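Undergrad:
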Amino acid sequence: MDVILELEGRVRIERQHRTYVATWLRLNGPHYREACTAMLDDVKKRGGLECYVSDPSGARDIQNQEDIFFATAVVKELIDRGCRRFIVVSPRSAVTKLATNRMGRVVDDAGVERVMVETIDEALQLAGLSNASESSTMRPQ
């Protein structure tokens, strides 16, 4: 996979074909908007996407209220740019899971497919990237 952005210990965004994979270790901080903006810029440059895989399983925090509104706009733009499938690895943290569910409602309201899975390997397989997990080096400790 091609790395779009990596901020060690915080986030890694990768792309393969028309699928984007975000591994989130921290959701709160200025890097959150930086990562979302980098992904959106890449999506625009490449003419869209079909699938977005989000792995917040290692995160133990949530976005602040302002970033939640920003994330809602990002999800809507991904849908506008062609995303028809959101695959989310279930967070281990209950607090992070609540924030993830809020974003899921935006996807559901748009009528786009949303799948919750337990592992990144399962997510990558559903996205058609079953051998891609070996290339992603940033995993929760």
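Just so we're aligned: 85 in full-length UniProt numbering is position 85 of the sequence shown, and the numbers increase by one with no gaps anywhere. Virtual Cβ for every residue (Gly too), placed ideally from N, Cα, C. Note that this is a predicted model, so its numbers are computed, not measured.
#1: What does the Cβ neighbour count give for residue 63, buried or exposed, with the cut at 16 atoms within 10 Å?
#2: Under three-state DSSP, which class holds residue 129?
#3: Considering residue 18, what are the terminal residues of the beta strand (DSSP E) in which it resides?
#4: What residue ranges within the region 58-100 form continuous alpha helix (DSSP H) runs of no fewer than 4 residues, ordered along the chain?
#5: Where does residue 14 land, buried or exposed, given buried means 16+ other C-beta within 10 angstroms?
#6: Can you tell me the Cα-Cα spacing of residue 100 and residue 17, whole angstroms?
TA: Quick look at the numbers:
#1: Indexing the sequence shown from 1 puts residue 63 at position 63. Buried, by the Cβ-count rule.
#2: Counting from 1 along the sequence shown, the entry for residue 129 is found at position 129. Coil at residue 129, not helix or strand.
#3: Counting from 1 along the sequence shown, the entry for residue 18 is found at position 18. Counting along the chain, residue 18 falls outside any beta strand (DSSP E), and DSSP gives it neither H nor E.
#4: Segments of the alpha helix (DSSP H) lying fully in the region 58-100: 65-80.
#5: In the sequence shown, counting from the first residue as 1, residue 14 sits at position 14. That one is buried.
#6: Position 100 of the sequence shown, counted from the start, is the residue given in the question as residue 100. Position 17 of the sequence shown, counted from the start, is the residue given in the question as residue 17. Between residue 100 and residue 17, the C-alpha separation is close to 25 Å.
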